[in-house]
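Asker: Starting off with a structure, shown below.
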Amino acid sequence: MRIDDYLRQTLAERLRRLGVEREVDSLPLDKPKLPEHGDIAATVALELARELRKPPRAIAEALTAEPFDPNYVESVEVAGPGFINFRVSQRYLRRLVAEILAQGEAYGRSNWGRGRRVQLEFVSANPTGPLNVVSARAAAVGDVIANLFEAVGYRVEREYYINDAGRQVRLLGMSVSSRYMALFGIDEPFPEEGYHGEYVRDLAMEIRQEYGDRFVHMPAEERQQQLTQIALEKMIRQHQEAMRAYRVHFDVWFRESELRKANAHLEVLEEFKRRGLAYEQDGAIWFKASQFGDEKDRVLVTREGEPTYFLVDIAYHRNKFERGFDLVYDFWGPDHHGYIPRMKAAVQALGIDPQRFQVNIIQQVNLLRGGEVVKMSKRAGQIIEMAELIEEVGVDAARFFFLMRKMSAPLDFDIDLAKQQSEENPVYYVQYAHARICNILRFAEERGLQLPAQANFDLLREPEEFEVIKNLMDFPEVISGAARFLEPHRLTTYLQELAASFHRFYHRHRVVGEDPELSAARLCLTEAVRIVLANGLRLIHVSAPERM
RNA sequence: GCGCCUGUAGCUCAACGGGAUAGAGCAACGGACUUCUAAUCCGUAGGUUGCAGGUUCGAGUCCUGCCAGGCGCGCCA
Numbered sequence: 000m001r002i003d004d005y006l007r008q009t010l011a012e013r014l015r016r017l018g019v020e021r022e023v024d025s026l027p028l029d030k031p032k033l034p035e036h037g038d039i040a041a042t043v044a045l046e047l048a049r050e051l052r053k054p055p056r057a058i059a060e061a062l063t064a065e066p067f068d069p070n071y072v073e074s075v076e077v078a079g080p081g082f083i084n085f086r087v088s089q090r091y092l093r094r095l096v097a098e099i100l101a102q103g104e105a106y107g108r109s110n111w112g113r114g115r116r117v118q119l120e121f122v123s124a125n126p127t128g129p130l131n132v133v134s135a136r137a138a139a140v141g142d143v144i145a146n147l148f149e150a151v152g153y154r155v156e157r158e159y160y161i162n163d164a165g166r167q168v169r170l171l172g173m174s175v176s177s178r179y180m181a182l183f184g185i186d187e188p189f190p191e192e193g194y195h196g197e198y199v200r201d202l203a204m205e206i207r208q209e210y211g212d213r214f215v216h217m218p219a220e221e222r223q224q225q226l227t228q229i230a231l232e233k234m235i236r237q238h239q240e241a242m243r244a245y246r247v248h249f250d251v252w253f254r255e256s257e258l259r260k261a262n263a264h265l266e267v268l269e270e271f272k273r274r275g276l277a278y279e280q281d282g283a284i285w286f287k288a289s290q291f292g293d294e295k296d297r298v299l300v301t302r303e304g305e306p307t308y309f310l311v312d313i314a315y316h317r318n319k320f321e322r323g324f325d326l327v328y329d330f331w332g333p334d335h336h337g338y339i340p341r342m343k344a345a346v347q348a349l350g351i352d353p354q355r356f357q358v359n360i361i362q363q364v365n366l367l368r369g370g371e372v373v374k375m376s377k378r379a380g381q382i383i384e385m386a387e388l389i390e391e392v393g394v395d396a397a398r399f400f401f402l403m404r405k406m407s408a409p410l411d412f413d414i415d416l417a418k419q420q421s422e423e424n425p426v427y428y429v430q431y432a433h434a435r436i437c438n439i440l441r442f443a444e445e446r447g448l449q450l451p452a453q454a455n456f457d458l459l460r461e462p463e464e465f466e467v468i469k470n471l472m473d474f475p476e477v478i479s480g481a482a483r484f485l486e487p488h489r490l491t492t493y494l495q496e497l498a499a500s501f502h503r504f505y506h507r508h509r510v511v512g513e514d515p516e517l518s519a520a521r522l523c524l525t526e527a528v529r530i531v532l533a534n535g536l537r538l539i540h541v542s543a544p545e546r547m
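Using numbering that gives the first Met the number 0, read the first sequence as starting at 0 and increasing by one per residue.
Right, dumping it as structure tokens:
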């Protein structure tokens, strides 16, 4: 059993004897900042003082009157206003090294999710332009949260929603058509709100290369329709390739056009009408979103008879739940946060428990170049593409960087700095620790020292060794915390701490030394660190190099 | 005007869901390679947590008001 589980269970049991029922999982355990406060602190006594009308120290004394299992706890101390400070026993820490070696890749995983099915939809960038850096951030964050969910026992599906229908797509087709005709010296008016980016010209040239003048002499409408489809497929393939190169795998690429083909949106419309949730006004059809907590009603079908994006999106979300997911998580860009209440309202109107549907906003990325914010606008064609950024800083560094902040906070990404200081980037610090360990293991092998299956861990007695093991001990909790609160940055922070404690140990002590028994024990410890580093890096899809 | 996000060391960020004396990295300064990788380590310095109230044993964290920055408030997506 893990020590935190042991402590929670034991404390809950003793509380019960005091007449207090507390759920085992809800008993908070803290990690004290100061070493003299022990390794793990419980604050229950402070919380219960009011309820029990007793001084917190007295409660703490009562909870610690009996001894704790020495296999877990070295010492207990009631401190300050009523903290219970535990010191982890060396026996437990030494046993943990063997435990990690035995568990290998499984160390850190848990079954918190109990196999429930979760869908995560993220990136879902419009296929009307190249992926930008916000997509790069969303891809990293969504992917890692998916990995974390898997690690804590959910069954996860990753989905990318493609808006391959509607007005914006038509505008892309018309833009491409205009550029295409220009290549043949024919002037076709450029759509007013068309896409001005250089990639539109590139698409036109590619199409000329592949299809020649085939589209020149057909009616404009037919040409635009065909070029729309061709350009669309090219853009989608581009996006798929970019995600693959960025190590993000999507289980499903879901197309809006499929919903439209199946008239899924019209079914929703009929249902809403039938149930009195939709009404006509000013020639448009509205959804009574205000009945479900939104600030006003929303249009489902425009006066021109065109279904809104919103209507199709409702059908999409119904489709998601029809596929049997217990939980559905959407990750949207910051410009969509005003859209959340109406989507939640719609999901509720469909009769789905809103608890099962969560929308998360991934905040914007400010790209800095030369100390100045790079302004970006898709329509104006001013854009820093995800691909450019990756090329400049690399996948490992880019992913790590995007994961280092909470998604709810805007992120400043200084390109010059990331490029210039790429050797100082924290990702290299973590990777270096892994490479260094691999080197030690190679060195030991050359000396005829294989990684032993067992070792005398009682020989581990240096403070730096225990510091490392205590860090290893935290790993499972870091994963479950990062998953539960959707905070991948806990993982990157943790990996840096673990790497630091190992580097410190390395500088003070030799792993492969005179004493073969001690060397064996330290090799095991070193391998345990490598396992945890590798497990952590795998979760964020950053490579764990064997040499640097 | 209303709503959402953000404000912590010169810079980039932590602080495990209210806990004890707010911590790292970068930049600055001073040290450590005849040793398993110096992409490393050790040390010094750096703070009125935007401001003002409130809640309580205890607030960077929760509440209210203000200040500053970003985003949003379409029969666009």
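The beta carbon of each residue, even a glycine, is placed where N, CA and C say it ideally should be.
Keep in mind that this is a model prediction, so the values were computed, not measured.
Going straight from the alpha carbon of G380 to that of E387, what length do you get?
Answerer: Bear in mind that a pLDDT of 47 at G380, under 50, signals an unreliable position, so the model cannot answer this.
Asker: Please go through the same chain and pick out, in chain order, the residues whose beta-carbon is closer than 8 Å to the beta-carbon of L28, but skip the five residues on each side of it.
Answerer: Excluding residues within five positions, the ones whose Cβ falls inside 8 Å are D3, L6, R7, I39, A40, A41.
Asker: Specify the secondary structure class of G380 as computed by DSSP and reduced to three states.
Answerer: Low confidence applies here, because G380 scores a pLDDT of 47, under 50, leaving its location unreliable; read the following figure in that light. In the structure shown, G380 sits in coil (DSSP, three-state: anything other than H, G, I, E or B).
Asker: Could you pull out every residue in the same chain whose Cβ sits closer than 6 Å to the Cβ of K287, ignoring the five residues on either side in sequence?
Answerer: Here the set comprises L276, D296.
Asker: Determine the direct distance from the alpha carbon of W331 to that of N262, and round the result to whole angstroms.
Answerer: Distance between the alpha carbons of N262 and W331: 25 Å.
Asker: Helix, strand or coil: how does DSSP classify S109 here?
Answerer: S109 falls in the coil class under three-state DSSP.
Asker: Would you call Q290 buried or exposed, if buried means 16 or more other Cβ atoms sit within 10 Å of its Cβ?
Answerer: Per the 10 Å Cβ criterion, exposed.
Asker: Going by C-alpha distance, which of F67, Y91, P126 is nearest F465?
Answerer: F465 has its Cα closest to that of Y91, out of F67, Y91, P126.
Asker: Helix, strand or coil: which one does DSSP assign to R254?
Answerer: In this structure, R254 counts as strand in the three-state DSSP scheme.
Asker: Could you check where the beta strand (DSSP E) with V358 kicks off and where it finishes?
Answerer: Looking at the DSSP string, the run of the beta strand (DSSP E) that includes V358 is 356–360.
Asker: Could you work out which residue in I83, F183, E192, H195 is closest to Q208 when comparing CA atoms only?
Answerer: For Q208, the nearest C-alpha among the options comes from F183.
Asker: At which residue ranges does the region 139–189 contain complete beta strand (DSSP E) runs of 3 or more residues, listed in the order of the chain?
Answerer: Counting whole runs of 3 or more residues, the region 139–189 contains the beta strand (DSSP E) stretches 154–161.
Asker: Looking at the secondary structure, which residues open and close the alpha helix (DSSP H) in which A432 lies?
Answerer: Element bounds for A432: 425–445.
Asker: With DSSP collapsed to three states, give me the class of I351.
Answerer: In this structure, I351 counts as coil in the three-state DSSP scheme.
Asker: Assuming V394 contacts K418 (C-beta within less than 8 Å), just tell me the rounded distance between them.
Answerer: Wrong, their Cβ atoms sit about 14 Å apart, outside the cutoff.
Asker: How many angstroms separate the CA atom of Y431 from the CA atom of F148?
Answerer: Taking the straight line from one Cα to the other gives about 27 Å.
Asker: For Q550, does the three-state DSSP call read helix, strand or coil?
Answerer: No answer is possible for residue 550: the residues shown for the chain start at 0 and end at 547.
Asker: Just to confirm the assignment, what range does the alpha helix (DSSP H) spanning F309 have?
Answerer: 308–321 is the span of the alpha helix (DSSP H), which, as asked, contains F309.
Asker: Can you tell me the Cα-Cα spacing of A48 and K30, whole angstroms?
Answerer: The straight-line gap from Cα to Cα measures roughly 21 Å.
Asker: According to DSSP, simplified to helix, strand and coil, what is Q102?
Answerer: Here Q102 sits in helix by DSSP.
Asker: Helix, strand or coil for E305? Go by DSSP, reduced to three states.
Answerer: The answer is coil: DSSP assigns E305 none of H, G, I, E or B.
Asker: So, helix, strand or coil for A519, using DSSP?
Answerer: Correct three-state label for A519: helix.
Asker: List the whole-angstrom C-beta distance separating L549 from L490, where the pair is believed to meet the contact cut-off of C-beta under 8 Å.
Answerer: Any question about residue 549 goes unanswered here, given that the chain covers just 0 to 547.
Asker: For G141 and V155, which I take to be in contact (beta-carbon distance under 8 Å), what is that distance rounded to the nearest angstrom?
Answerer: Incorrect: roughly 11 Å between the Cβ atoms, too far for contact.
Asker: Looking at A443 and L522, is the spacing between their C-beta atoms short of 8 Å?
Answerer: Yes; because the gap between Cβ atoms is below 8 Å, this pair is in contact.
Asker: If you count every other CB in all the chains shown that lies within 10 Å of the CB of P515, and 16 or more means buried, which is it?
Answerer: Its Cβ having fewer than 16 others within 10 Å, P515 is exposed.
Asker: Which residues share a DSSP beta bridge with Y505?
Answerer: In DSSP, Y505 forms no bridge with anything.
Asker: Write down every uninterrupted run of the alpha helix (DSSP H) in the region 453–489 whose length is 4 residues or greater and which is fully enclosed by it, in chain order.
Answerer: Runs of the alpha helix (DSSP H) inside the region 453–489: 462–483.
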